[in-house]
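In what follows, a structure is listed as structure tokens, so that the remarks can point back to it.
In our numbering, the protein residues as written are 51 to 569.
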């Protein structure tokens, strides 16, 4: 493995040094393997860490192999640094937009990008002991650094850059090697320098002009953040909607906010190509409405998807099938080799930290504590919400209206605009909604979308309701504090209850009223 292929922690400051000490200690000595491990786990991202800690805590002999940085993408180049950056950008926007609230600003609002990035690195290092080699060693896990590769159905070899090799014998194995930023086959991309989430957080200077390709979660989150820092941002995508997987109404609201933040949206862009330009700039050329448009930028961020890390694992030696989407697994997260399981981004269409966490719990149960078909858990039983942490946030769980139609499931849809929710009005956050889809004629919740400042928190109530099979009528009967934005969810329950007022029920209620208080 070429050391240049590893994620590089830049700049080399005290915070990144502290992070490295935790997640890839420079002086780490791989342990001497003892008797066969009950479980050998490849990859120390969320899926691998949860599997290792859980299995070791339940008495299993566990080895954990990581070729790069413990904590995986989430800690090092994903969830943690991006949310630290997003928070700084939100504060900047709050100050910028503070005048309607009676806040007087003396002069223009300035922003220290380098300081915000330093804060992010400091907080990332502060969180990193949770994912550290020392902590997992203390939990009873044998931690190995190096490239893992299957030798046969009971052996994994771990090779380090210094030439040393460890041979781990296993009863069961788990592939949790994750995914990496995907570099698409776009004309000219290899002729220019570009950023992905793996090196974006190494920046110390704010780009004056930034092009972002991709309107998925990473693309829109970072486009909005850098625009709020002060960059001139142009956002490109082939789709006609930002966040194309989300409810179209949600995408429309976000698009308007992105434009208010100063982002130039170049949607429905075709024939995109890149080329070097003068002064170390990058030229982005696209076709829109039949015309070629050229844009000059200082930095380019590619955010168009993820590619599973399956290379160098020698999966052919153990008959584990995989394709461009990753390792193939069944509903029990078992690969085509019954002794080998997989979890997380390497095998899942849901490339989220929280889904990797719960897939890991399934793997622990199914690999160590099930007998035949008894005691096995299914990944299809997981109800997985997700959120995009823009402002406003967009959160989703379950079926969308489009998916319900495609599956032939009749639904009723209830929508509560935030413009009719007192707390949202008072906070100046009226642009948003809570939308719930129920099975037609019932209050059974099949899916929901929330557009709100804290949609990622609000979606938890609806996810719990789906998990516990609680319908909208139960939510209507649950007292919510006033005033809160969560009251929008309770109002949906009231909407459902009003549909139950049929002509017959109205006549019955009228009769009861007359009996009690007369005509």
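Think of the CB as a built atom: it goes at the ideal place given N, C-alpha and C, for glycine as much as any other residue.
Do you know offhand how far residue i's Cα is from residue j's?
{"i": "residue 551", "j": "residue 493", "result": "14 Å"}
{"i": "residue 53", "j": "residue 289", "result": "In this prediction, residue 53 scores a pLDDT of 43, lower than 50, which makes its location untrustworthy; no coordinate-derived value is stated."}
{"i": "residue 472", "j": "residue 532", "result": "9 Å"}
{"i": "residue 51", "j": "residue 197", "result": "Interpretation of residue 51 is limited by its pLDDT of 40, a score under 50 that renders its predicted location unreliable; no figure is taken from the coordinates."}
{"i": "residue 425", "j": "residue 80", "result": "35 Å"}
{"i": "residue 207", "j": "residue 378", "result": "22 Å"}
{"i": "residue 69", "j": "residue 123", "result": "14 Å"}
{"i": "residue 310", "j": "residue 150", "result": "16 Å"}
{"i": "residue 324", "j": "residue 331", "result": "11 Å"}
{"i": "residue 86", "j": "residue 190", "result": "15 Å"}
{"i": "residue 386", "j": "residue 275", "result": "42 Å"}
{"i": "residue 105", "j": "residue 95", "result": "15 Å"}
{"i": "residue 548", "j": "residue 523", "result": "10 Å"}
{"i": "residue 335", "j": "residue 341", "result": "10 Å"}
{"i": "residue 529", "j": "residue 142", "result": "35 Å"}
{"i": "residue 128", "j": "residue 469", "result": "33 Å"}
{"i": "residue 586", "j": "residue 487", "result": "The shown model of the chain, from 51 to 569, leaves out residue 586, and the question about it has no answer."}
{"i": "residue 540", "j": "residue 477", "result": "19 Å"}
{"i": "residue 245", "j": "residue 132", "result": "14 Å"}
{"i": "residue 298", "j": "residue 514", "result": "25 Å"}
{"i": "residue 108", "j": "residue 419", "result": "10 Å"}
What is the residue span of the alpha helix (DSSP H) that residue i lies within?
{"i": "residue 508", "result": "505-517"}
{"i": "residue 144", "result": "129-146"}
{"i": "residue 546", "result": "537-549"}
{"i": "residue 71", "result": "64-73"}
{"i": "residue 96", "result": "96-107"}
{"i": "residue 526", "result": "522-526"}
{"i": "residue 270", "result": "267-279"}
{"i": "residue 475", "result": "472-476"}
{"i": "residue 177", "result": "163-177"}
{"i": "residue 116", "result": "First-last for residue 116: 112-116, but that is the beta strand (DSSP E), not the alpha helix (DSSP H)."}
{"i": "residue 46", "result": "Nothing about residue 46 can be reported from this structure: the residues present for the chain run from 51 to 569 only."}
{"i": "residue 185", "result": "183-188"}
Residue j and residue i - do their beta-carbons sit closer together than 8 Å?
{"i": "residue 570", "j": "residue 115", "result": "Within the shown structure, residues of the chain are numbered from 51 to 569, placing residue 570 beyond reach of any answer."}
{"i": "residue 367", "j": "residue 383", "result": "no"}
{"i": "residue 73", "j": "residue 135", "result": "no"}
{"i": "residue 272", "j": "residue 284", "result": "no"}
{"i": "residue 177", "j": "residue 300", "result": "no"}
{"i": "residue 535", "j": "residue 474", "result": "yes"}
{"i": "residue 222", "j": "residue 67", "result": "no"}
{"i": "residue 248", "j": "residue 231", "result": "yes"}
{"i": "residue 497", "j": "residue 525", "result": "no"}
{"i": "residue 312", "j": "residue 353", "result": "no"}
{"i": "residue 281", "j": "residue 60", "result": "no"}
{"i": "residue 363", "j": "residue 92", "result": "yes"}
{"i": "residue 315", "j": "residue 308", "result": "yes"}
{"i": "residue 350", "j": "residue 270", "result": "no"}
{"i": "residue 218", "j": "residue 90", "result": "yes"}
{"i": "residue 427", "j": "residue 412", "result": "yes"}
{"i": "residue 322", "j": "residue 268", "result": "no"}
{"i": "residue 570", "j": "residue 484", "result": "In the structure displayed, the chain extends from 51 to 569; residue 570 sits before or after that span and is not available."}
Going by DSSP, name the residue or residues bridged to residue i.
{"i": "residue 489", "result": "461"}
{"i": "residue 219", "result": "205"}
{"i": "residue 467", "result": "483"}
{"i": "residue 345", "result": "334"}
{"i": "residue 60", "result": "Paired residue(s): none; residue 60 is not in a bridge."}
{"i": "residue 560", "result": "DSSP lists no partner for residue 560."}
{"i": "residue 421", "result": "424"}
{"i": "residue 443", "result": "502"}
{"i": "residue 438", "result": "444"}
{"i": "residue 350", "result": "261"}
{"i": "residue 391", "result": "224, 384"}
{"i": "residue 497", "result": "448, 487"}
{"i": "residue 245", "result": "351"}
{"i": "residue 237", "result": "323"}
{"i": "residue 200", "result": "206"}
Got a sec, what are the start and stop residues for the beta strand (DSSP E) residue i sits in?
{"i": "residue 298", "result": "No beta strand (DSSP E) contains residue 298, which is instead part of the alpha helix (DSSP H) from 298-310."}
{"i": "residue 316", "result": "314-316"}
{"i": "residue 320", "result": "320-327"}
{"i": "residue 194", "result": "191-195"}
{"i": "residue 356", "result": "356-358"}
{"i": "residue 282", "result": "282-286"}
{"i": "residue 230", "result": "229-231"}
{"i": "residue 89", "result": "87-92"}
Pairing CB atoms from the segment 344-357 with CB atoms from the segment 202-219, are three or more of them under 8 Å? No: fewer than three Cβ pairs fall under 8 Å.
Evaluate contact between the segment 289-308 and the segment 433-442, counting only Cβ atoms and requiring at least three cross-stretch pairs below 8 Å. A contact exists between the segment 289-308 and the segment 433-442.
I want to know whether the segment 92-102 touches the segment 399-407 - three or more CB-CB distances under 8 Å. Because the criterion of three Cβ pairs below 8 Å is met, the segment 92-102 and the segment 399-407 touch.
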